[in-house]
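Residue numbers (our numbering): 4 to 301. From the three backbone atoms N, C-alpha and C, an ideal C-beta is built for every residue, glycine too. Since this is a predicted model, take the numbers as computed values, not measurements. Following: one structure in structure tokens, then a few remarks.
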Amino acid sequence: MKDEFILSCGSTVDLPYSYLEQRQIPVIFYTYTVKGEEYVDDMGRNPDALPQFYKFLAEGEIPTTSQINKFRYYDFFEEQLQKGDLLHIAFGSGMSASVFNAMDAADELREKYPDRKIMVIDSLCSSSGYGLLVDEAADMRDRGCSMEEVAQWVMENRKRVNHQFYSTELEYYRRCGRMSGVAATAATILSICPIMRLDDRGRIIAYDKVRGKKNAVRRTIKTMEEHAENGVNYTGKCWICHSNCLTEAEQMRQAVKEHFPKISGDIRICDIGTIIASHCGPGTVAVFFFGQERYPDQ
Numbered sequence: 004m005k006d007e008f009i010l011s012c013g014s015t016v017d018l019p020y021s022y023l024e025q026r027q028i029p030v031i032f033y034t035y036t037v038k039g040e041e042y043v044d045d046m047g048r049n050p051d052a053l054p055q056f057y058k059f060l061a062e063g064e065i066p067t068t069s070q071i072n073k074f075r076y077y078d079f080f081e082e083q084l085q086k087g088d089l090l091h092i093a094f095g096s097g098m099s100a101s102v103f104n105a106m107d108a109a110d111e112l113r114e115k116y117p118d119r120k121i122m123v124i125d126s127l128c129s130s131s132g133y134g135l136l137v138d139e140a141a142d143m144r145d146r147g148c149s150m151e152e153v154a155q156w157v158m159e160n161r162k163r164v165n166h167q168f169y170s171t172e173l174e175y176y177r178r179c180g181r182m183s184g185v186a187a188t189a190a191t192i193l194s195i196c197p198i199m200r201l202d203d204r205g206r207i208i209a210y211d212k213v214r215g216k217k218n219a220v221r222r223t224i225k226t227m228e229e230h231a232e233n234g235v236n237y238t239g240k241c242w243i244c245h246s247n248c249l250t251e252a253e254q255m256r257q258a259v260k261e262h263f264p265k266i267s268g269d270i271r272i273c274d275i276g277t278i279i280a281s282h283c284g285p286g287t288v289a290v291f292f293f294g295q296e297r298y299p300d301q
């Protein structure tokens, strides 16, 4: 008999809400704040939400984000526990400490619901890489795997979700204080694109830089060849996401298709959501795939 349980996640999976709804994955939503007003990380439910967010950025606003507190997790988890046991895969601790609030809420609910199982896992992932991990967990759930089997797989494979990305617009980094004005100006004039990845703890590491978008694509493809499972014969899923630069994301998808013809299914392109984009700004393209375990900052 199928061991049924509920699989949930945070909105920072950067997938359309309609897709998560179709897959029966409940979502807890992060928020961002602009001019003292709070906005929900919408996940495409309102088609005007993301354009509004980028309008804020174009007007010079710097959104702020915050953790989901224990009380919101408690209410969200309790709602799910009314329906069954719960496995929550949380936004990576390398990006937010919110997962620890989720764990605290789960501890309290175990006492209140001793006949229910609740597990919280730190994904160590971000954006659509986090989404890729959750999607694979949903595939296992749908095949009839138990909650414990899925949780064990997630723990063993979360570092195998590779996150490779680059940024083509550095003005936002200057405005946020992540890059000096002189460095940002020089990089813009020279068309410098920082090349970045997530390390084994889920933290962003800038490890290279190239001149021009075409070289950024080439460098990302080269890294994927080096780290993807079976190299150019990679047969797993590959997803791409972008922050308001669909043309560049399409170019990346075409390059991936040409270099990795055995990829499973469509190469999905998603929008980077408002929470991640609050930190990276526009002009970021990211590629996610399964491969070698991510390594520490060197």
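Span separating the alpha-carbon of residue i from that of residue j
i	j	result
D78	D107	12 Å
G87	A109	14 Å
G13	V235	32 Å
R221	Y116	52 Å
V288	L173	13 Å
M199	T171	12 Å
R1	L127	The requested residue 1 does not occur in the structure, where the chain is confined to residues 4 to 301.
E159	R206	18 Å
G47	L136	20 Å
E228	V290	12 Å
A105	W156	20 Å
K26	G97	As written in the sequence, residue 26 is Arg, which differs from the Lys given in the question. Their backbone Cα atoms lie some 26 Å apart in a straight line.
V185	P197	The predicted position of V185 is uncertain, since its pLDDT is 39 and thus under 50; no value can be drawn from it.
S99	T238	31 Å
G132	E114	33 Å
R144	I272	24 Å
P19	A252	16 Å
P285	L84	38 Å
F80	F8	13 Å
E152	I28	18 Å
D202	E296	9 Å
I195	T226	18 Å
T188	Y175	Because the pLDDT of T188 is 47, which lies under 50, any placement of that residue in the model is unreliable, and the number read from its coordinates should be weighed accordingly. Using only the alpha carbons, I get a separation of about 11 Å.
E41	N72	15 Å
H230	D274	24 Å
Residue i versus the options, residue with shortest Cα-Cα distance
i	options	result
N247	R26, R48, F59, I9	F59
K38	R75, F56, L89	F56
F94	Y42, R113, E41, I31	I31
G276	T223, C244, A154, E253	C244
L89	F263, D51, R119	R119
N218	K240, Q85, L201, Q254	Q254
A140	A100, S129, V123, I92	I92
F168	E62, D142, S130, A154	S130
Q70	D44, D142, A61, E296	D44
W242	D202, F292, K225	F292
V124	A154, K73, E24	Before going on, a small fix: residue 124 reads as Ile here, not Val. Taking only the C-alpha atoms, the option nearest I124 is A154.
K240	D142, S149, C148	D142
L10	E82, T34, P54, Y33	E82
S101	G134, P54, T34, E232	T34
Strand pairing of residue i, partner residues [DSSP]
i	result
A231	G294
P212	In the sequence as presented, Pro is not what sits at residue 212; that position holds Lys. In DSSP, K212 forms a bridge with P197.
F168	M199, A289
S267	Looking at the DSSP assignment, S267 forms no beta bridge with any residue, so it has no partner.
I92	I124
W156	In the DSSP output, where bridge partners are listed per residue, W156 has none listed.
T223	According to DSSP, which records beta bridges pairwise, T223 is partnered with nothing at all.
T68	Y35
E40	V37
I9	L89
V30	C12
Neighbour-count burial assignment, residue i, 16 or more Cβ in a 10 Å radius
i	result
R214	exposed
N49	exposed
T15	buried
R146	exposed
S21	exposed
L249	exposed
G294	buried
D17	buried
T36	exposed
K216	buried
Y298	exposed
A61	exposed
D51	exposed
D138	buried
D300	exposed
Residue i CB to nearest heavy atom of the ligand NAP below 8 Å
i	result
C283	As far as ligands go, the structure on display features none, and thus does not contain the ligand NAP.
Quick test of the definition: if touching needs 3 or more C-beta pairs under 8 Å, does the segment 258-270 touch the segment 144-163?
no
With contact counted as at least three CB pairs below 8 Å, one residue from each stretch, are the segment 262-276 and the segment 199-215 in contact?
Flag = no, the segment 262-276 and the segment 199-215 do not touch.
Check whether the segment 59-72 touches the segment 274-294, taking contact to mean three or more Cβ pairs, one atom from each stretch, closer than 8 Å.
yes
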